[in-house]
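The block underneath contains the structure these notes are about, expressed in structure tokens.
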């Protein structure tokens, strides 16, 4: 069993300042999924061990590769009994905790990865539909890791939410965290190794990720490939090598000394290796570029991430405005000719108008400031205390 981790690096908490509250979540956003925050009194788990026998795995003992060309290292593990964290030990995030954000496209395995280390019941999504509707904090329940929190974030490729909505959501969390002097120690970015190439959705995610984190944030990023069971090992290794050498994101992180890991689906030890690497790096907490920009008094739309989202929205606005003008002309002509197309054209006109209105509403979200985001968080907490929503 692992020895307890050493004291955490970073600023000491102020005893008279409230810690960052866990994100309130509506009953609707939970989608009927029970939230078992802590597991049963005892549960089977995996812990790292230097001398434990290596189990056969297509990942060959959870190899991880250094970008400097060093030989891959092997980590072994064994089954042990792990006592869960009691309700009395539960606490809020504090400035001297280790906080790690888990990011990636929808279906990359973020929720599964977090669930392995926390015991929390998370609804699992797929490549098309995200089940992470809010930014949520989950505390690790592994011995020696009780001061480690994993932050589940939605990807910027959600089919049911716009990028502006997601950025606003992430912005709320990061601004409140910054106010509470809580900063990320590391970032885990997950990528499906079974994807033959980086598609448009993944590229958009990568662009947003870079603009949120900035250069300093990228230096603290650990890259993790998932779903190795879905490809032949040789094919997966070839794709991994291409990512390490050709991907803009991976190349930048490589140049900053980052590492890439392979995560075996639903394997606790495999996930634990990644988190252990971040902890042992001893980098300490770091403010992200987005947090710096918001602390300087800018609006979301003026941040690098906000500019990226707004550029896309401007293109959509122009497209919908052009479509509305064309449909208006066609509708007038159809009415004059008493055409049977009037009903269909009117329907298309109304649907396009709704899309344009949605873009304009989303653009208003980007006008949020640090203070307005903090006020929204306070309102959520207040509603939670009055029993109007559930606190995660």
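In full-length UniProt numbering, the protein residues as written are 1 to 392. Built from N, CA and C at the ideal position, the CB exists for glycine as well.
- In this structure, residue 163 lies near residue 156, with their beta-carbon atoms less than 8 Å apart.
- Within the model, the alpha-carbon separation for residue 369 versus residue 297 is close to 7 Å.
- Here the C-alpha atom of residue 136 lies approximately 11 Å from the C-alpha atom of residue 114.
- By the beta-carbon neighbour count (other beta carbons within 10 angstroms, threshold 16), residue 337 is exposed.
- Under DSSP, residue 104 forms a beta bridge with 190.
- The C-beta of residue 322 has fewer than 16 other C-beta atoms within 10 Å across all chains shown, which makes the residue exposed.
- Taking the CA atoms as reference points, residue 171 sits about 36 Å from residue 237.
- About 11 Å separates the beta carbons of residue 239 and residue 245, which is beyond the 8 Å limit, so they are not a contact pair.
- The C-beta of residue 210 has 16 or more other C-beta atoms within 10 Å across all chains shown, which makes the residue buried.
- Per DSSP, reduced to three states, the secondary structure at residue 181 is coil, with no helix or strand assignment.
- In the DSSP assignment, residue 361 falls outside any beta strand (DSSP E) and within the unbroken alpha helix (DSSP H) covering 342-365.
- Restricting attention to 291, 98 and 308, the CA atom closest to the CA of residue 213 is found in 291.
- Shown here, residue 287 sits in coil according to DSSP, grouped into three states, outside any helix or strand.
- Boundaries cannot be given for residue 368, as no alpha helix (DSSP H) includes it and DSSP labels it neither H nor E.
- Residue 360 has its alpha-carbon roughly 8 Å from the corresponding atom of residue 317.
- If the five residues before and after residue 331 are omitted, its C-beta is found closer than 8 Å to the C-beta atoms of 342, 345, 346 and 349, all from its own chain and listed in chain order.
- Secondary structure at residue 111: helix, using DSSP grouped into helix, strand and coil.
- Taking 8 Å as the upper bound for CB-CB distance, residue 221 and residue 189 are in contact here, some 6 Å apart.
- DSSP, read as helix, strand or coil, puts residue 303 in coil.
- Beta-bridge annotation (DSSP): residue 275 is not paired with any residue.
- No residue range can be given for residue 159, since it is assigned to no alpha helix (DSSP H) and is classified by DSSP as neither H nor E.
- In the DSSP assignment, residue 152 is bridged to 102 and 136.
- Contact check for residue 150 against residue 198 fails: the beta carbons are separated by 8 Å or more.
- The Cβ atoms of residue 275 and residue 261 lie no closer than 8 Å to each other.
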